[in-house]
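S.K.: Dropping a structure here in structure tokens format, bear with me for questions.
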Amino acid sequence: MGRRRPVSSVSSHMADDTLRILTAMQERWRGRLTTVFRPQGHYALDHNDICTYPTADIIVDSISDLVRYDVAAFLDAALGRCNVSGRGYDCS
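The opening position of the sequence shown corresponds to residue -12 in my numbering, with each subsequent residue numbered one higher.
Have a look at this one:
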């Protein structure tokens, strides 16, 4: 994806249900990626993963929830100005 479209001036987005994958992609893209976490299955209940890896920029209960976010919300999340979340996680 990065070869086809230079990402120096563009923010890209990735949605996944695994924080480990989102974290690896965020490290590779170094802040040029807005991560979207959709907890489902055993990943939604994996306390170790939730508390080991950083929180995604956006957390949704359903992929269809993404239609309510505008471009500004994605850009703010990508720039670290906010963390858009419909759900909080307690790692204490």
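All C-beta atoms, glycine included, are put in the ideal place defined by N, C-alpha and C.
What separation, rounded to the nearest whole angstrom, lies between the Cα atoms of LEU12 and SER49?
M.R.: On the sequence shown, residue 12 is found 25 positions in, with the first residue counted as 1. On the sequence shown, residue 49 is found 62 positions in, with the first residue counted as 1. The amino acid occupying residue 12 in the given sequence is Met; Leu does not appear at that position. Looking at the two C-alpha atoms, the distance is approximately 21 Å.
S.K.: In chain order, which beta strand (DSSP E) runs of at least 3 residues are fully inside the stretch -3 to 68?
M.R.: You should have -1 to 3 and 20 to 24.
S.K.: Exposed or buried, what is PRO26 when buried is set at 16 or more other beta-carbons lying within 10 Å of its beta-carbon?
M.R.: Here residue 26 is taken as the residue at index 39 of the sequence shown, counted from 1. Its Cβ being crowded by 16 or more others within 10 Å, PRO26 is buried.
S.K.: Using a Cβ-Cβ cut-off of 6 Å (strictly less than) and excluding sequence neighbours within five positions of ASP77, which residues of its own chain qualify?
M.R.: In the sequence shown, counting from the first residue as 1, residue 77 sits at position 90. Per-residue confidence for ASP77 stands at a pLDDT of 47, beneath the threshold of 50, marking its modelled position as unreliable; the derived number appears in the next sentence. Closer than 6 Å at Cβ, skipping near neighbours: no residue.
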